[in-house]
Amino acid sequence: KAFLTLYDYLSASPFESSEQVIAVALGICGFFSPPHAERYSNDRTYRHFSEIWTKNSHAHPLQLDINAHQCRPFNHPIRRLVALALLVCDRTPYFSSLDSLLAAAVDDRMNDSKLKRALLAHTPQYTHPYWEQHYTFGNRSKENLHGLIGDRLKQLISINTLFPLHFHLHRSEFSDSDLNKWLSFYEAYNSVDSGKSRYLSHRFFGETSRSALLDKAIMEQGAQQVHKDFCVHYEASCEGCPFSERVTERLSRPQRD
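Using my numbering, the letters of the sequence shown correspond one by one to residues 1 to 257.
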């Protein structure tokens with residue numbers, strides 16, 4: 001939600017350069033606050049963006065909270081914010097062509113694997129000279145980093161953001177037939193293997209065969225929402241969790257003939 005809010009805000013704001021967009025994105029998300037400034041103060045590129053933010057911060061009162069704890073270096077939010085800023089600067093009609101791509105898939109003119117390849121090719125692979133050599137500020141990579149986001153993250157963005165956004169924007173235009181096509185497409189689309197999906201599978205189903213339920217994107221999305229709404233408050237144990245109690249109660253009801 002924070003990234004979507006930021007995208008809408010940046011898209012509606014005037015900027016003179018991509019560096020200004022990057023600096024404002026980082027500033028809005030608090031990456032020039034004292035803890036970060038102390039951590040990255042020796043990095044020249046960080047100081048450069050900090051100076052740009054200082055000159056422009058008065059015009060951008062928006063504040064967003066981005067969780068940067070326990071992130072793998074390549075998946076650090078700073079890299080994603082830079083990619084988002086470059087997307088804002090890109091004048092390619094990305095979303096309109098995405099609509100055409102998804103419409104073809106929903107109409108069954110494109111199978112699952114072909115759509116995945118098309119989405120990977122379609123999703124911009126933004127690069128930046130500094131972040132090709134650094135994971136984040138001051139954290140230099142031993143090898144060249146190709147692009148700000150990898151293929152797996154592209155697929156996750158498609159499933160968790162682009163598909164729901166497309167559905168939300170075009171739902172009012174759907175006929176009953178269109179709606180059924182879309183739901184059939186989404187229910188059949190495979191999820192992406194990730195550490196979070198494996199964790200959710202084990203958390204909800206253990207080693208049972210039911211874990212295969214999360215092999216579908218729409219089921220994994222539901223699991224992600226349940227985890228956000230309930231599990232984060234009962235991380236150590238399901239005891240006392242209202243969702244767990246609800247499920248247990250429903251399963252214990254006598255089955256009707």
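Cβ atoms here follow ideal geometry from the backbone N, Cα and C, with glycine treated the same way. Fair warning: this is a prediction, and the values are worked out from it, not measured in the lab.
Residues that DSSP places opposite Arg140 in a beta bridge:
Reading the sequence shown from its first residue, position 140 is the one you call residue 140. Assignment of beta-bridge partners to Arg140 by DSSP yields His134.
Put Asn67 into one of helix, strand or coil per three-state DSSP.
Residue 67 sits at position 67 when you count from the first residue of the sequence shown. Correct three-state label for Asn67: coil.
For Lys216, which of helix, strand or coil comes out of DSSP?
Reading the sequence shown from its first residue, position 216 is the one you call residue 216. In the structure shown, Lys216 adopts extended strand secondary structure according to DSSP, grouped into three states.
Boundaries (first-last residue) of the alpha helix (DSSP H) holding Ser18:
Numbered from its first residue, the sequence shown carries residue 18 at position 18. Secondary structure note for Ser18: its alpha helix (DSSP H) is the uninterrupted segment 18-28.
Do you know whose CA, among Leu62, His122, Tyr135, lies nearest Arg72's CA?
Translated into positions along the sequence shown, residue 72 becomes position 72. When Leu62, His122, Tyr135 are compared, the shortest CA-CA separation from Arg72 is found for Tyr135.
Is the distance from the Cβ of Ala121 to the Cβ of Phe163 below 9 Å?
Reading the sequence shown from its first residue, position 121 is the one you call residue 121. Reading the sequence shown from its first residue, position 163 is the one you call residue 163. No, Cβ-Cβ distance for Ala121 and Phe163 is not below 9 Å.
Only counting the same chain, and skipping five residues up and downstream in sequence, which positions put a Cβ closer than 8 Å to that of Ile157?
By 1-based counting over the sequence shown, the position of residue 157 is 157. Same-chain partners within the cutoff: Thr123, Ile149.
Would you decide whether Gln225 is buried or exposed? Buried here means 16 or more other CB atoms lie within 10 Å of its CB.
Along the sequence shown, one-based indexing puts residue 225 at 225. Answer is exposed; the Cβ neighbour count stays below 16.
Which runs of the alpha helix (DSSP H) spanning at least 4 residues fall entirely within the stretch 48-102, listed in chain order?
Inside the stretch 48-102, DSSP marks whole alpha helix (DSSP H) runs of 4 or more residues at positions 77-89, from first to last along the chain.
Any idea if Leu84 is buried or exposed, counting beta-carbon neighbours within 10 angstroms, 16 or more meaning buried?
The sequence position of residue 84 within the sequence shown is 84, counting from 1. Leu84 is buried by the Cβ-count criterion.
Which word fits Val232, buried or exposed, when buried means at least 16 other C-beta atoms lie within 10 angstroms of its C-beta?
Residue mapping note: residue 232 aligns to position 232 of the sequence shown, counting from 1. Exposed, because fewer than 16 other Cβ atoms sit within 10 Å of the Cβ of Val232.
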